[in-house]
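Heads up: the sequence shown begins at 154 in the numbering used here, then just goes up one per residue. Where is the CB? At the ideal position from N, CA and C, for every residue including glycine. Worksheet: the structure to be examined is printed underneath.
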Amino acid sequence: MAVKSMNDLFLRTLKDIYYAEKQIYKNLPKMAKSAGSKDLKQAFEKHREETKQQIERLETIFEQCGAAARAIRCEAMDGILAEAKEVMEEIEDGQVHDAGILAAAQTVEHYEISRYGTLIAWADQLGMKDASKLLKETLDEEKKTDQLLSQLAVANINQQAG
Ligand code: FE
Ligand code: FE
Ligand code: FE
């Protein structure tokens, strides 16, 4: 799509994160299955439910923009998820394996936090109050997930040391 205005750029970026969220939704069950720790499994399962809501929020925003909900391939998310897959397949030891997928999952959250932060700033600039509110709800969930994953990573390392 040709990007000529801030509105176009907002929409372009919305399509990018829409693609990313859909890929995340598709991959989270594999990550949950692969996790050794019960808490980590639960975290992934819970976040998959949130991700479903996040996809619906994006669809609402597309509607508010009068645009069709369409994804544009996000090379960054494809790359992050490809690395996650490598980690899942290559690391056998339980705690090391979990450390690897925790790190991969946090990379996913950090990409999302970056995208949503930008989209909120642009929505505010463009006077899109409803979109901004929805995007903030999602950003909050991504940040909380990132924090939970940090806690689980510390617990995993402590378990390893002990
Ligand atoms: Fe998300
Ligand atoms: Fe992207
Ligand atoms: Fe997320």
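For the stretch 159–229, the full-length alpha helix (DSSP H) segments reaching 4 residues or more read 159–187 and 191–217 along the chain. Between K179 and the set E198, N311 and K297, the nearest pair of CA atoms involves E198.
The nearest non-hydrogen atom of ligand 2 is 6 angstroms or more from the C-beta of A257. The beta carbon of I244 lies closer than 6 angstroms to those of H250 and G253 in the same chain, with the five residues before and after it left out.
Three or more beta-carbon pairs separated by less than 8 angstroms link the stretch 299–307 to the stretch 185–199, which places the two stretches in contact.
With the rule of 3 Cβ pairs closer than 8 angstroms, the stretch 229–246 does not count as touching the stretch 286–299. In this structure, DSSP gives D246 a state outside helix and strand, which the three-state scheme calls coil. Within the chosen limit of 6 angstroms, ligand 2 does not reach the beta carbon of D231 with any heavy atom.
Rounded to whole angstroms, the separation of the alpha carbons of K296 and G280 is 24 angstroms. Inter-residue distance for K175 and K168 is about 11 angstroms (C-alpha atoms, whole angstroms).
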